[in-house]
Amino acid sequence: MKHDEKMRGEMKKKRTIALVLTILCLGSLLGRALAQGGGELRFCVRMEPKTFDPLKVEDEASASIRYLTGGVLVRVNRQTQDLEPALAQSWKVSKDGRQITFRLRSGISFSDGTPFSAGDVAYTIQQLMDPALHSPTGDAFRSGTGNVESKVISPTQISITFPAPVAGLDRLFDQVAILSERSPRKEAAVLGPFMLADYKPGATVLLKRNPNYWKSDEQGRKLPYLDSIRVDIQPNRDVEMLRFKRGELDLINSLDSEYFDKLEATSPQLVHDAGPSLDSEQLWFNQVAKAPIPVYKKNWFRSANFRKAISEAINREDLSRIVFHGHAQPAAGPFSPANRFWFNSKLKPQAYSPDTALKALQSDGFRLENGALKDKDGNAVVFSIITNAGSKTRERMAVLIQDDLQKIGIHVNVVTLDFPSLIERMTQSFDYEAIILGLTNVDLDPNGEMNVWLSSAENHQWNPQQKTPETSWEAEIDRLMRAQASSTDLKRRKEAFDRVQEIVVEEQPFIFLINKNALSAASTAVHGAASVILSPQTFWNAERLTVSTK
Amino acid sequence: MNLWRKLACVALAVVVCASLGANWLAPAGYEKQYREATDAPPSHAHWLGTDELGRDRLARVLYGTRISLLLAPAAALLSTLMAAFVGGLAGYLGGIWARLAMAVTDLCLSLPWLFLLITARAFLPLNVSPLISVLVTFLLLGLLGWSTAARVLCASAASLRSADFVRQARAAGVSGLRLFWIHVMPNLKPVLYAQFWISIPVFILSEANLGILGLGVAEPMPSWGSLLRELEGLVSVREEPWKFVPLVLLVVVVMSFQLLLSRQQEVPA
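Just so you know, the sequences run in chain order A and B. Reminder that position 431 of the first sequence reads as 431 in the working numbering, one-by-one numbering, no gaps. Numbers given in the working numbering equal positions in the second sequence, counted from 1, plus 550.
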């Protein structure tokens, strides 16, 4: 009995040892498997995301979260700028530009396991176009009066019909993250590569890998590679830079040229200049009829010759070289050459020629007296340029322009104002003479700028919300913009928008100064990073990035 | 006068003389841009290098010192006079006047002046020359900086109200503003001097703070505030030490004022 008990005891001991060894082996394998995961990507956004509802997105931080979590039917490849299939295998836009039909992939589930079907697309469109939701993404789809109709043809096929033609209709779906009709978690159930795991207001947004993400790589491995993404909310760029240098962050988007140069000096392998971005910086004069400024100044500002002379007297090469340390290009017109399709390649940046500018002004009755330019009534040409306080680059541009214009006898007062005061003067009181500000473009299609170029638009900054166009050239721009917006013929649209660009350069309502380069930084721990000019610059291919742990 | 005070006097004298002689000492105008030599290190042509727009830093430091050093005392004088009027008179009159004046003073002290200055700047006309913008900035600082000094002066004046010599004067038939002007005010002088000296570095730093916000002296005119903006984002002294010259100058001037002020504070009130 004792021997049996001893044997049993021995066996038990052996079994326990075997079990412990098995657990240890499994643990080791699991650990190795986890170690082989894509790691955690860390970067900053500069503002708190205002919403996690993909249909209500209007700020950059929320757009970044939507890009990483939202599943879309079609996706603009940020590198090639081409439209590629995503949840939709294929799509077709009708000849009249009013209808789009999608054929969807099958066997896809939301992050919570709810199956994806055409009903979800119909539900998303219904939510998107709901006037009560005030979806900024939905605004781009509004065309004419009437309802948008979605027709579910089969679980994998849907057609959406709009009341009037929508130009560039298919590309607009790049911004529409599909919601689940049936999931109780609604916008928390996602089809993108990552899903929201944790949110600490003012501090961090944590995204985890979506286990049900539909995409695989060429070797058949499930995407995304990354385990998680930690998005820190950090408005201070100095802190962001310091944390990147300390290895606490892996990426920096939209790097300032000054920081870029500093980082390049010590670690050139970390920084990347992707060339001109879509963003521009411009100067414009107040042409609002009711603006509280002297009549003679209004006459200067409303003269195309005056505006063109100012444009010629500005040394854009110096703006680019000195203010942006060479990480900007003199602007040729309203669209950056970075927008490969829509940019009018006939346009070239305005050459710097103070002598020609002075001659043009003199032919308009201006004259130089003791180094000061005076108009035909003897008024000295003096005006102020305002810009937002705290923007070093705009302040420096203003001071360089001040010096450039002094050479042709024009005296400029540079004034920096806090942003709310500047916006109040620009949009409410119109109590200003000239402004330097920038345009941030996220949309390649000119339709995204309808709110700038139409004379009735709020963002038609030099003279907004005109009841009828006050000049013939503005009427022509209105006509061309409407024509291109209602056409589905890409060639005709391009011709119309090329002409708009030419008119803008001829009339100079905005004196375009430079196009900033898209600058970014990526840690050497990030594998697969390929920075591009379109937003989101550094993590547009987040599903294929990996981060090695040190 | 001990050695430190002598040194402070010498330092201030050198700085003031150098700034007043900027027209002769500076190699170029403060606004002249050498666009081919931006952000250059010190050289024979530019002893302190150039700034990010290619302007000679030495010229900008000299002219900026002149502006900050001349206008800060002017703003200090204005605020001290206002404090003397409000605080001194309230302390002398006492009663409801003192309570009312102190309530207004407390209200002023509790207001967020930085934001008010930003707002005030936004309401000013845009087309003002840089020189006017300098005057307006320091005038605003002077007009808004009287409240702390007023509290001190009110307390001092209140203690004088019941002093023997004031009672004797009152008994001799002197009253009203004459009593205040002839007997009270002269005895407030040491406190007034002290407040004046204290205010100068405060206003220099306030203008520097406004300059950092881009709201102080307008371009291309330099001030210590606009010169200190160059230090934003600079993480190492060793990187470009010449950029720290305006900061060193500010520290030297403020410390010199403090040393001289400690001399003033020793004068019995």
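Every residue, glycine too, gets a C-beta built ideally from N, C-alpha and C.
Sequence-distant residues of its chain with Cβ nearer than 7 Å to residue i (five each side left out)
i, result
"A/Leu145", "Residue identity differs from the one stated: residue 145 of chain A is Thr in this sequence, not Leu. Correct list, in chain order: Pro163."
"A/Thr546", "Gly38, Gly39, Tyr225, Leu226, His527, Gly528"
"B/Leu674", "Val686"
"A/Leu34", "Caution is warranted here: a pLDDT of 44 is assigned to A/Leu34, below 50, making its placement in the model unreliable, and the coordinate value is therefore given only provisionally. Answer for A/Leu34: no residue qualifies."
"A/Gln175", "Thr137"
6 Å CB neighbourhood of residue i in its chain, flanking five on each side removed
i, result
"B/Ser712", "none"
"B/Cys704", "Gly637, Ala640, Gly641"
"A/Leu30", "No answer about A/Leu30 holds up, because its pLDDT of 44 lies below 50 and its placement is not dependable."
"B/Leu800", "Trp774"
"B/Ile701", "Looking at the sequence itself, residue 701 of chain B is Arg, so the reference to Ile does not match. Same-chain partners within the cutoff: Thr655."
"A/Tyr259", "Met241"
"A/Val412", "Ile385, Gln402, Leu405"
"A/Pro536", "Ser64, Tyr67"
"A/Trp453", "Ile477, Met481"
"A/Asp198", "Leu206"
"B/Glu581", "Pro770"
"A/Arg394", "Thr387, Ile436"
Continuous alpha helix (DSSP H) stretch holding residue i: start and end
i, result
"A/Ser90", "Unbroken run through A/Ser90 is the beta strand (DSSP E), 88 to 93; no alpha helix (DSSP H)."
"B/Arg711", "697 to 711"
"A/Glu506", "490 to 507"
"A/Phe306", "304 to 312"
"A/Glu58", "Where A/Glu58 is concerned, there is no enclosing alpha helix (DSSP H), given that its DSSP letter is neither H nor E."
"A/Glu543", "Element bounds for A/Glu543: n/a, residue is neither H nor E."
"A/Leu358", "354 to 363"
"A/Thr101", "Not the alpha helix (DSSP H): A/Thr101 falls in the beta strand (DSSP E), residues 99 to 104."
"A/Pro85", "Not the alpha helix (DSSP H): A/Pro85 falls in the beta strand (DSSP E), residues 83 to 85."
"A/Glu474", "472 to 486"
"B/Val560", "553 to 570"
"A/Lys297", "295 to 301"
Host beta strand (DSSP E) of residue i (start-end)
i, result
"A/Arg425", "That residue, A/Arg425, is in no beta strand (DSSP E); it is neither H nor E in DSSP."
"A/Thr416", "411 to 417"
"A/Gln157", "157 to 161"
"B/Arg779", "Run containing B/Arg779: none; DSSP gives neither H nor E here."
"A/Pro372", "Checking the sequence, you will find Ala at residue 372 of chain A rather than Pro. Residues 372 to 374."
"A/Leu368", "367 to 369"
"A/Lys407", "Unbroken run through A/Lys407: none, as it is neither H nor E."
"A/Val176", "Here A/Val176 belongs to no beta strand (DSSP E), and DSSP marks it neither H nor E."
"A/Arg75", "74 to 76"
7 Å Cβ cut-off: residues of chain A touching residue i
i, result
"B/Gln583", "Asp403"
"B/Ile668", "Asp418"
"B/Val686", "Neighbours of B/Val686 on chain A: none; closest Cβ ~12 Å, over 7 Å."
"B/Leu809", "Simply none; closest approach about 34 Å."
"B/Thr588", "Ile322"
DSSP beta-bridge partners of residue i
i, result
"A/Ala434", "A/Phe285, A/Ile385"
"A/Cys44", "A/Asp232"
"B/Lys793", "None; B/Lys793 has no bridge partner."
"B/Leu693", "According to DSSP, which records beta bridges pairwise, B/Leu693 is partnered with nothing at all."
"A/Ser520", "A/His272"
"B/Asp606", "B/Thr600"
7 Å Cβ cut-off: residues of chain C touching residue i
i, result
"A/Asp170", "This model lacks chain C altogether; the protein chains it does include are A and B."
Residue i: contacting residues in chain A (beta-carbon distance under 9 Å)
i, result
"B/Leu777", "Under the 9 Å cutoff, chain A gives no residues; its nearest Cβ is about 14 Å from B/Leu777."
"B/Pro770", "Val399, Gln402, Asp403, Val414"
"B/Ala672", "Leu417, Asp418, Pro420, Ser421, Leu422, Glu424, Arg425"
Same chain, Cβ closer than 8 Å to residue i, neighbours up to 5 away in sequence not counted
i, result
"A/Ala203", "Asp232, Ile233"
"B/Ser756", "Leu691, Gly695"
"A/Leu347", "Ala332, Gly333, Gln501, Glu502, Val505"
"B/Thr630", "Trp696, Ala699, Leu742, Gln745, Phe746, Ser749"
"A/Pro276", "Ala328, Gln329, Ser336, Pro337, Ala338, Asn515, Lys516, Asn517, Ala518, Ile533"
Neighbouring residues, chain B, relative to residue i (Cβ below 9 Å)
i, result
"A/Val526", "Neighbours of A/Val526 on chain B: none; closest Cβ ~24 Å, over 9 Å."
Cross-chain neighbours of residue i in chain B, by beta carbon under 7 Å
i, result
"A/Ile386", "Leu676"
"A/Arg396", "Glu602, Leu603"
"A/Glu264", "Going along chain B, no residue has its Cβ under 7 Å from A/Glu264, so there is no contact; the nearest lies around 14 Å."
Cβ-heavy atom distance, residue i to the ligand NAP, below 6 Å
i, result
"A/Lys245", "With respect to small molecules bound, the structure shown includes none, and the ligand NAP cannot be examined in it."
Within chain A, partners of residue i - CB distance below 8 Å
i, result
"B/Ser679", "Asn413"
Cross-chain neighbours of residue i in chain B, by beta carbon under 8 Å
i, result
"A/Val382", "Asn677"
"A/Asp318", "Arg585"
"A/Tyr432", "Leu676"
>> Threshold first: 3 residues or longer. Then list the beta strand (DSSP E) segments lying entirely within the stretch 199 to 276 of chain A, N to C.
In response: 204 to 209, 228 to 233
> What are the uninterrupted segments assigned as alpha helix (DSSP H) that are 4 or more residues long and contained completely in the stretch 106 to 145 of chain A, given in chain order?
Replying inline: 118 to 128, 136 to 139
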